[in-house]
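A short worksheet on the structure shown next.
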Amino acid sequence: MGISRDSWHKRYKTGATRPVPHKKRKYELGRQPANTKIGTKRVRVIRVRGGNTKLRALRLDAGNYSWASEQTTRKTRIIDTVYNSTNNELVRTKTLVKGTVITVDAAPFRQWYEAHYALPLARKKNQKLSEEDNAIINKKRSTTCQAKYTERQKSAAVDPLLLEQFATGRLLARISSSPGQVGRADGYILEGKELEFYLRKIRAKKAK
19 MGISRDSWHK RYKTGATRPV PHKKRKYELG RQPANTKIGT KRVRVIRVRG GNTKLRALRL
79 DAGNYSWASE QTTRKTRIID TVYNSTNNEL VRTKTLVKGT VITVDAAPFR QWYEAHYALP
139 LARKKNQKLS EEDNAIINKK RSTTCQAKYT ERQKSAAVDP LLLEQFATGR LLARISSSPG
199 QVGRADGYIL EGKELEFYLR KIRAKKAK
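So for the sequence shown, my numbering puts the first residue at 19; every next one is plus one.
In structure tokens form, the structure reads like this:
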């Protein structure tokens with residue numbers, strides 16, 4: 019039969035059957051969902067209306083995520099799906115769709131922060147730094163260079179809720195692209211009121 023996105027095959031609001039105005043048309047077709055899963059990257063090219071192409075992601079394991087308050091974007095690994103407002107099945111089956119709340123690896127953002135501000139981020143007290151991290155944070159700098167970092171450090175404050183997540187090594191993020199149409203799972207790190215909202219939702223779901 020095929021998937022149709024037309025409205026004439028549906029009944030009237032009263033329950034009456036509509037007359038069939040014509041046969042099925044190409045412009046009314048629908049396609050099966052991509053059901054993008056977490057795994058080694060697998061993307062297929064689909065020919066669509068007008069000879070254009072879409073990229074259907076079948077599996078993805080990474081994406082570009084934006085840390086809005088710091089105005090930086092980093093490619094990071096997708097770890098797990100956590101919440102989806104439309105359907106819990108999409109969380110259970112670990113399906114990546116637009117709007118899904120996921121956990122991503124915090125390491126690329128931590129590395130950027132420590133290199134940019136020359137300050138440790140969400141590390142335990144008296145924790146010994148690795149040689150690489152120590153070389154970045156406690157590097158010897160010229161007076162003018164150090165003055166630049168000192169000035170930056172005045173605005174280095176991070177949201178306490180984000181700090182808790184950095185300590186665990188995972189950040190909550192939201193997918194803002196459509197993996198089934200553009201072949202990528204890009205998005206942004208959750209912060210502020212939005213982060214509080216989703217944390218409440220996740221806790222409520224766990225409490226059930």
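Each residue gets a CB set at the ideal place from its N, CA and C atoms; glycine is no exception.
For a cut-off of 8 Å, the C-beta gap from Ser195 to Arg202 is around 5 Å, short enough to register as a contact. Secondary structure remark: continuous beta strand (DSSP E) runs of at least 3 residues inside the segment 83 to 142, in chain order: 90 to 101 and 119 to 123.
In the DSSP secondary-structure assignment, Leu208 is not bridged to any residue.
If you compare the alpha carbons of Ala86, Glu169, Ala175 and Trp26 with that of Glu212, the shortest gap goes to Ala86.
In the DSSP annotation of this structure, the continuous segment of the alpha helix (DSSP H) that includes Lys166 starts and ends at Thr161 to Gln171. With a cutoff of 9 Å on beta-carbon distance, Arg188 and Ala136 are scored as not near each other. Bounds of the alpha helix (DSSP H) holding Val200 are Pro197 to Val200. In this structure Thr71 is exposed. Its beta-carbon is surrounded by fewer than 16 other beta-carbon atoms within 10 angstroms.
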